[in-house]
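Peer 1: Input: one structure, supplied below.
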Amino acid sequence: MIVKEIRKIARNRVHSRIRKRLQGTSERPRLSVFKSNQHIYAQIIDDTKGITLVSSSTLSPSLKAELESGNTVEAAMKIGADIAKKALEKGISKVVYDRGGFLYHGKIKALADSARENGLEF
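Residues in the sequence shown are numbered consecutively from 667, following this note's numbering.
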């Protein structure tokens, strides 16, 4: 239990350092990623207005039916493709990637690569 709390505190500390440098604007909003033990979430946020422009997660009904598990590399790839498709429909092509304090490896990297392959630039 203590190890889990220490890991969470460390991730939050890293995320705070990252957020000091990253800011989403109207021209280049922030693609924020969060993963829990069971699901993966991604949202594109305009920090100047404080609003979420586009969001996608393994909990959305359209993707939940396709996925057998919510926290796999394949699920992260589907979320990346879905968020890119939704962003391009809204006219968003350039974003700033916020990995949320997680290591750029595995699911976080798969989501980023999938979003890039489907048209997002970062």
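Just so it is clear, CB atoms sit at the ideal spot from N, CA and C, and this is done for glycine as well. The structure displayed is predicted, hence computed values, not measured ones.
Can Gly772 and Ile684 be called in contact, C-beta distance under 8 Å?
Peer 2: No, they are not a contact pair.
Peer 1: Report the rounded CA-to-CA distance for Ser698 versus Gly716, giving the unit in angstroms.
Peer 2: Computed Cα separation, rounded: 13 Å.
Peer 1: Going straight from the alpha carbon of Tyr770 to that of Ala776, what length do you get?
Peer 2: Roughly 9 Å between the two C-alpha positions.
Peer 1: In angstroms, rounded to a whole number, what distance separates the CA positions of Ile675 and Lys701?
Peer 2: Their backbone Cα atoms lie some 15 Å apart in a straight line.
Peer 1: Answer with buried or exposed for Ser722, where buried requires no fewer than 16 other C-beta atoms within 10 angstroms of its C-beta.
Peer 2: Per the 10 Å Cβ criterion, buried.
Peer 1: Identify every run of the alpha helix (DSSP H) within the stretch 679 to 745, keeping only runs that are complete inside it and at least 4 residues long; order them along the chain.
Peer 2: Here the runs fully enclosed are 727 to 730.
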